[in-house]
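Working notes for the structure below.
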Amino acid sequence: MKQFVLNKLVKLPDQWRAVIESTEPDGCISSQLIYRHPWELLWGNISKSNVCVAGDAFHPMTPHIGQGGGAALEDGVILARCLAEALLKEPCEEDMEQHKRIEMGLKKYAKERRWRAFELITTSCFAAFIYQNEGKMMNFLREKFLTSYLHGLILKRADFDCGKLSIS
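Just so you know, full-length UniProt numbering puts 20 at position 20 of the sequence shown, and the rest follows in order with no gaps.
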C-alpha cells in the first residue's frame with residue numbers, strides 16, 4: 001500500500017514524500033468506500049433510543065458542493081439545541097426520566113435534519129453526475145445550462161439557518 005501511494009505521488013516535494021516513507025506499514029489503512037443512496041436517509045433510522053448519527057455517518061456526500069463540513073457543523077448546532085430543549089424543559093407531574101428526554105431530543109434532531117441532509121446529498125450526487133459525465137451531449141448541456149443552474153442550487157444549499165441556541 002505504501003509503495004503504491006509513493007508511486008502515485010512521484011511529483012510531490014521530497015518533504016511530503018518523506019512523511020509517507022517514514023510511516024509505519026501498520027499506519028496505512030485501506031477501506032472500501034461504500035455508496036449509500038440518498039433515499040436510504042428518508043427511510044432509515046437516524047436515532048434509536050439514546051443514540052443518533054451525525055456528520056458523515058448521517059449524510060455522506062461527494063465533495064462536489066463543498067457542504068460536508070458545513071453540514072456536520074449544522075448537525076452539531078441543531079443537535080445541541082434539540083438536546084438542550086429536551087433537558088431544560090420545566091419538570092411536570094408526569095416528568096420523564098432523563099433517558100426519555102434525551103431520546104425525545106434525538107428524535108426531534110432526526111426529524112429536523114432528515115430533509116436537509118437529503119437535499120444536500122442529492123445536490124451533491126447531481127453535481128457529481130454533471131461534472132463527471134463526458135460526451136458531446138453532456139458537455140453541451142453542462143456548458144450551456146447545467147453549470148449556471150447548479151451554481152444557483154449550490155448557493156441555495158449553503159444558505160441555512162440552524163436556529164438559535166439559548167442559554168438558560
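Note that the Cβ used here is the ideal one computed from N, Cα and C, for glycine as well.
Exercise. In three-state terms, what does DSSP make of Val51?
Worked result: Val51 sits in a strand when the DSSP states are folded into three classes.
Exercise. Does the pairing of the region 70 to 77 with the region 112 to 123 give three or more beta-carbon distances under 8 angstroms?
Worked result: Yes, the region 70 to 77 is in contact with the region 112 to 123.
For this session: Work out the CA separation of Asp14 and Leu106 for me, nearest whole Å.
Result: So the alpha carbons of these two residues sit roughly 48 angstroms apart.
Exercise. How would you write the range of the alpha helix (DSSP H) that Ile20 sits in, first residue to last?
Worked result: From DSSP, the alpha helix (DSSP H) with Ile20 extends over 14 to 22.
Exercise. For Arg101, which three-state DSSP category applies?
Worked result: Arg101: helix per DSSP, three-state reduction.
For this session: Would you check if the distance between the CB atom of Asp26 and the CB atom of Ala54 is smaller than 8 angstroms?
Result: Contact flag unset, no.
For this session: Tell me, to the nearest whole angstrom, how far the beta carbon of Thr123 is from that of Ile65; I am working on the premise that it is less than 8 angstroms.
Result: Yes, Thr123 and Ile65 are in contact; Cβ-Cβ is about 6 angstroms, under 8 angstroms.
Exercise. Mind checking whether Arg101 and Gly163 have CB atoms under 8 angstroms apart?
Worked result: No, the pair does not count as a contact, with Cβ atoms beyond the cut-off.
Exercise. By Cβ distance, which residues of its chain are closer than 7 angstroms to Pro38, with the 5 residues on each side in sequence left out?
Worked result: Counting only residues of its own chain and dropping the five nearest sequence neighbours on each side, Pro38 has a CB closer than 7 angstroms to the CB of Phe118, Ile121, Thr122, Cys125.
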